[in-house]
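Novice: Position one of the sequence shown corresponds to residue 1 (this note's numbering), numbered consecutively onward.
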Amino acid sequence: VENRLDHQLVEVTTRWACIEMIKSGITTFMDVLEGPNTIPGALDIEAEVIQKAGMRGIISFEACQRLNKENGELGLRENVDFIRKNNKLDNLVQGMMSVHTLFTADKEYLIQAKKITNELGCDIHMHLSESVYEPNWSLKKYGKQPVEVYNELNFLGPNVLASQGVQLEPDEINILNKKGVRLVHMPLSNCEVGGGIAPIPSFLAKGIKTGLGTDGYINNFFEVMRGAFLIHKAYHQNPMIMPAKDVYKMATDGGAKALGRDDIGLIKVGCLADLIAINIDTPTPINSENVYDQLILFRNPNDVADVMIDGKFILKNRELLTVDEEKTKVEIRTAAEKFWKLN
């Protein structure tokens, strides 16, 4: 499917995603763009749309050798060029290196990507054991679990952000913790692909910096928070697992720390002025004992009244101030029709 993407589709789908995220109260996000036929130039197009929307984004191209080695090199170059142009500027949009998985990149390629990352002084993202496929593939190919392979390549470290982390052995979690790797939990996406339930309580107990993500599956972040709140209780048969306060933290300052940021995610001196106002109109009085449960279980994007990013309102009284929603809705429908007609 991703092979069908072109620059026009990247532009309009990014704009629509921004609309959904803003209306869901999201101020900062990290995105991995996969579209081998959109490079070069895909990240520049995506960044321009995000900047105009007034959102804060950390974006990357998912470099891999899935098509061929030449396209893999183009993917690395796309990231390098964007990072060099943007990461030293005071922009809302910055870049991150990204690779896919062990099964779409050989060891030399992964070593090369990490070397470039260290030279640029940026972060690198990867998907990690989203289902049993990658661990089984790694055991067959290398005789080791994925994290063990990455560790032997000196790939792991505090500048690594791993998505998913579903099918991990306890020893792998210990290695990730020791190396300071950060993680993103994607509960609804994990359910949608049948990948399993990530051992998030173990991550949090060890102090691994863990945020919440969507993997592009759904941008209703209240649903994502509810998913994280509920599925672990069912899986562990323990209603005390993953309390609402922990989930809220993963969605705010915990998520910021997972992105390597300590200047967002909290309201305090020294942090950037990111705020959202949520209407709380419930028959139950809101207090310090129930505010997190009320927010996660009973609020939705329709309750997000205002969104401020870096001191600028981009949503006020439910009205988008930076993006034309109706125009974009027409464009996205036209783009979708075009997309599904492509061979």
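Beta carbons: idealized from backbone N, C-alpha and C, even for Gly.
Determine the direct distance from the alpha carbon of S24 to that of A273, and round the result to whole angstroms.
Specialist: Their backbone Cα atoms lie some 18 angstroms apart in a straight line.
Novice: Where does D303 fall in DSSP's three states?
Specialist: If DSSP states are grouped into helix, strand and coil, D303 belongs with the helices.
Novice: For a quick check, are the C-beta atoms of L120 and I173 less than 8 angstroms apart?
Specialist: No.
Novice: What residues are listed by DSSP as bridge partners for V93?
Specialist: For V93, which the question treats as bridged, DSSP gives the partners G57.
Novice: Just how far apart, CA to CA, sit L321 and N300?
Specialist: Cα-Cα distance, rounded: 20 angstroms.
Novice: Thinking just about the alpha-carbon of each residue, which of E223, I59 and Q8 is nearest to the one in N86?
Specialist: Of E223, I59 and Q8, the residue nearest in Cα terms is I59.
Novice: Opposite T28 in the DSSP bridges: which residues?
Specialist: R56.
Novice: Am I right that L188 and E134 are in contact with their C-beta atoms under 8 angstroms? What's the rounded C-beta distance?
Specialist: Wrong, their Cβ atoms sit about 20 angstroms apart, outside the cutoff.
Novice: Short of 6 angstroms in beta carbon distance, which residues of its chain neighbour E325, apart from the five on each side in sequence? Order them along the chain.
Specialist: So the qualifying residues of the chain are I19.
Novice: How should S267 be labelled, buried or exposed, when 16 other C-beta atoms within 10 angstroms of its C-beta is the threshold for buried?
Specialist: Ser is not the amino acid found at residue 267; the sequence shown has Ile there. By the neighbour-count rule (16 or more Cβ atoms within 10 Å), I267 is not buried but exposed.
Novice: Leaving out the 5 sequence neighbours to the left and right, which residues in its chain are closer than 8 angstroms to L33 when beta-carbon positions are compared?
Specialist: Same-chain partners within the cutoff: V10, A42, L43, E46, I59, S60, F61 and E62.
Novice: Could you tell me which residues DSSP pairs with K316 in its beta bridges?
Specialist: DSSP output for K316 lists E319 as bridge partner(s).
Novice: Measure how close the beta-carbons of I50 and L92 come, nearest whole angstrom, since I'm counting them as under 8 angstroms.
Specialist: The pair is a contact, with the Cβ atoms about 7 angstroms apart (cut-off 8 angstroms).
Novice: Does the pairing of the region 273-287 with the region 114-130 give three or more beta-carbon distances under 8 angstroms?
Specialist: The region 273-287 vs the region 114-130: no contact.
Novice: Using a threshold of 8 angstroms, state whether the C-beta atoms of C191 and I241 are closer than that.
Specialist: Not closer than 8 angstroms, so no.
Novice: According to DSSP, is R182 part of a helix, a strand, or is it coil?
Specialist: Strand, per DSSP.
Novice: Given this structure, state the Cα-to-Cα distance separating I332 from T28, to the nearest angstrom.
Specialist: So the two alpha carbons sit approximately 22 angstroms from each other.
Novice: Does the distance from the C-beta atom of G57 to that of C64 stay below 8 angstroms?
Specialist: The answer is no: Cβ separation not under 8 angstroms.
Novice: Got a sec? Which residues, its chain only, sit under 6 angstroms from R15 by beta carbon, not counting five neighbours each side?
Specialist: Hits under 6 angstroms: V49 and T328.
Novice: If you measure between the beta carbons of F229 and I296, is that distance less than 8 angstroms?
Specialist: Cβ atoms of F229 and I296: closer than 8 angstroms.
Novice: In terms of residue numbering, what span does the beta strand (DSSP E) encompassing I276 cover?
Specialist: Its beta strand (DSSP E) spans residues L275 to I278.
Novice: Is it right to say A17 is buried, meaning 16 or more other beta carbons lie within 10 angstroms of its own, or is it exposed?
Specialist: Counting Cβ neighbours within 10 Å, A17 comes out buried, since at least 16 surround it.
Novice: V160 by DSSP, collapsed to three states: which one?
Specialist: Here V160 sits in strand by DSSP.
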